[in-house]
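Notes follow once the structure below has been shown.
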Amino acid sequence: MKKKPYAMLLVTGFWALVLVQLLSSAPVEHYVQTVKHQATKVDRVVTREEELRNMIEGWRSTMEIKPINASYDESWKAAVPGYNGRSIDMEASIIQMKMTGKTTQDQLIFKEVEPDVSLEEVGVFPIYRGNPEKPAISFMINVAWGNEYLDSILKTLEANQIKTTFFLDGSWVRRNPELAKKIASYGHEIGNHAYSHPDMKYMSDYQIRQEIGKTQQIIEKTLGIKPNLFAPPSGSFSSQVVKIAKNDFQMKTIMWSADTIDWMKPSPDVVIRRIDAKMGKGVMVLMHPTAATAQSLPALIKMAKQRGLTPTTVSEVISSKRIDTP
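Just so you know, UniProt numbering puts 78 at position 78 of the sequence shown, and the rest follows in order with no gaps.
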């Protein structure tokens, strides 16, 4: 019985020796080192991702932009569109940085943040411009005459890869269906400019509906397009015109914030100086197919681009969607 402790000690020693031999053997040693290496690698990945998160988090205050609510402008008696903000998409930005191996701010991915108050929530009012923070401008063209200048204007827009908005008089479309189709074929936005170029300010509700409705019908029949923007002829309207356009035809009433006065047959230099003084973010420029517009348009487009403005459609200018380079 006294020999048992000694025997157990021998057995324990034997297995300890075996374990030492196993641990020091090449296969086991390789396995242990592999596990250690993988654990270290995982730790490094986790640490690296945490570093990226902390770095990106530190950029939020300077790189994120709060949205701007749509509002009512008391002086203009008009609605002013809002403008989306932007926030950093953390997960997408981390993926982008891992893919490119770059950790600079130009690798950030953003998502847009809509305003709390939309244009529709402001109420039924005319719109004279886009948001003053949006780097966009529209050279909007009202068409009731001036056929001879349309080709030149269309070619200039096409050469500069610009889509704009043409507001078409209904009686003009009836008389010039092929020209109307040509404008639409370039991909330009089509708006409603009433039917007979009347002064709509003093019209009855019935007359207002006739003017807008007849033009809607002929544009739909001729172009297969249902306009959602209405430009009152000569900019003359009443609050009732705005309400009927919205409630009966689901159209926004569009005015302008810069006037070429091209219908007065000024020189191209006069047009350029007038628009130069008012050209800025969110501006909508009133034009017609005239010699002055056809001749000044290339210079105005160049001027807009030099100021960082994107010439585009009225719908795009009054949209809250962002136009920027992060």
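Backbone N, C-alpha and C fix where the C-beta goes; we use that ideal spot for every residue, glycine too.
Three or more beta-carbon pairs separated by less than 8 Å link the stretch 182-196 to the stretch 148-168, which places the two stretches in contact.
With a cut-off of 8 Å on Cβ pairs, the stretch 135-148 is not in contact with the stretch 90-109, counting fewer than three such pairs. Measuring C-alpha to C-alpha distances from Lys201 to each of Ala231, Phe167 and Ser296 identifies Ala231 as the nearest. Of the residues assessed, Lys252 falls on the buried side of the cut-off, its CB having 16 or more other CB atoms within 10 angstroms. Secondary structure note for Phe249: its alpha helix (DSSP H) is the uninterrupted segment Ser239 to Phe249. Across the set Asn228, Asp259, Lys226 and Lys182, the C-alpha of Asp259 shows the shortest separation from the C-alpha of Ala277. Per DSSP, reduced to three states, the secondary structure at Met203 is coil, with no helix or strand assignment. Using a Cβ distance threshold of 8 Å, His288 and Trp263 count as a contacting pair.
Per DSSP, reduced to three states, the secondary structure at Arg209 is helical. In the DSSP annotation of this structure, the continuous segment of the alpha helix (DSSP H) that includes Arg174 starts and ends at Gly170 to Arg175. Here Ile127 is actually not in contact with Ala194; their C-beta atoms are around 17 Å apart, not less than 8 Å. For Ala304, the uninterrupted alpha helix (DSSP H) segment begins and ends at Ala291 to Gln306.
Within the same chain, and ignoring the five residues on either side of Ile162 in sequence, the residues whose Cβ sits closer than 6 Å to its Cβ are Pro311. Annotation for Glu189: no alpha helix (DSSP H) segment contains it, though the beta strand (DSSP E) segment containing it runs Glu189 to Asn192. With contacts defined by Cβ atoms closer than 8 Å, Leu119 and Pro81 form a contacting pair.
In this chain, the beta strand (DSSP E) harbouring Met284 covers Met284 to Met287. Beta-bridge partners of Asp259 (DSSP): Leu286. Under DSSP, Met140 shares a beta bridge with Leu286. A straight-line Cα-Cα distance of about 21 Å links Ser296 and Ser234.
The beta carbon of Trp76 sits closer than 6 Å to those of Tyr128, all from its chain and outside the five residues before and after it, given in chain order. C-alpha of Met279 to C-alpha of Thr293: approximately 15 Å in a straight line.
By alpha-carbon distance to Gly58, the top candidate from Phe125, Tyr72, Thr104 and Ile95 is Thr104. The straight-line gap separating the alpha-carbon atoms of Glu74 and Asp116 is approximately 20 Å. With a beta-carbon spacing of about 16 Å, His197 and Ala245 fall beyond the 8 Å limit used to define contacts. Assignment of Asp106 by DSSP, reduced to helix, strand and coil, places it in the helix class. The beta carbons of Glu112 and Arg274 sit about 34 Å from each other, so the pair does not count as a contact at 8 Å. Around the beta carbon of Ile95, fewer than 16 other beta carbons lie within 10 angstroms, which makes this residue exposed.
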